[in-house]
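Below you'll find the structure, written out as structure tokens, and then a few comments.
In my numbering, the protein residues as written are 47 to 257.
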């Protein structure tokens, strides 16, 4: 956990996403992708239904993570306005307030643990849900970076696939203020039918290991 905190401390750009429980519609999972200046990046999955005790060390470390992420001058990207995404988590007191897609798996049983040590889900279904949560952050990052950085189509065709996942150098960010940028859903409305849904993928036994 300390390794993750140290990593986040050196990041200034993040992508946020959230999903809710199918039966209650309540926020149950927060996905955070870091965008560091140098790879690797991390995707953090916070399961709100299975948090550690509030007085435990790991709970305090989660709070520290959120405080670092929401610090002044950080850039945070999200599918919808961040206040709407993150407001239900205010009860956990991880940050100060106010803060400066609809597919089947989005409303799945997210209150069921994704941790293979405790989950009652099958390996295949657990992997699909974890993959969806991770790739949803990837999609937001890949769409928003070319827009906010004004990349031309010609430039996009020549970049390395990992370029959108790396932050700008400090000199390039010098004139930028802190930002909360959301992606207009209408931008991808016309291409949604061409995207293969993760829920339609074939079953597999790929494991995800988070160190």
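Ideal placement from N, C-alpha and C gives every residue a C-beta, glycine not left out.
C-beta neighbour in chain C for residue i, strict 8 Å
i	result
residue 174	In the displayed structure, chain C is absent; only one protein chain is listed.
Classification of residue i by the beta-carbon crowding that lies within 10 angstroms, buried from 16 upward
i	result
residue 85	exposed
residue 203	exposed
residue 108	buried
residue 111	buried
residue 56	exposed
residue 106	exposed
residue 173	buried
residue 60	buried
residue 102	exposed
residue 190	buried
residue 124	buried
residue 47	exposed
Which of helix, strand or coil DSSP assigns to residue i
i	result
residue 203	helix
residue 170	helix
residue 52	helix
residue 16	Shown here, the chain extends from 47 to 257; a query on residue 16 therefore has no answer.
residue 122	strand
residue 73	strand
residue 187	helix
residue 234	With a pLDDT of 38 at residue 234, under the threshold of 50, the modelled position of this residue cannot be trusted, and the question is left open.
residue 219	Low confidence applies here, because residue 219 scores a pLDDT of 48, under 50, leaving its location unreliable and the question unanswered by this model.
Rounded distance between the beta-carbons of residue j and residue i, thought under 8 Å
i	j	result
residue 62	residue 128	6 Å
residue 98	residue 104	5 Å
residue 58	residue 213	6 Å
residue 115	residue 76	Not a contact, Cβ separation roughly 10 Å.
residue 64	residue 132	7 Å
residue 72	residue 134	7 Å
residue 32	residue 187	Because residue 32 is not part of the residues shown, which for the chain are 47 to 257, the question remains open.
residue 141	residue 113	6 Å
Terminal residues of the beta strand (DSSP E) in which residue i lies
i	result
residue 93	89–93
residue 131	Unbroken run through residue 131 is the alpha helix (DSSP H), 128–132; no beta strand (DSSP E).
residue 112	Not the beta strand (DSSP E): residue 112 falls in the alpha helix (DSSP H), residues 103–115.
residue 67	Run containing residue 67: none; DSSP gives neither H nor E here.
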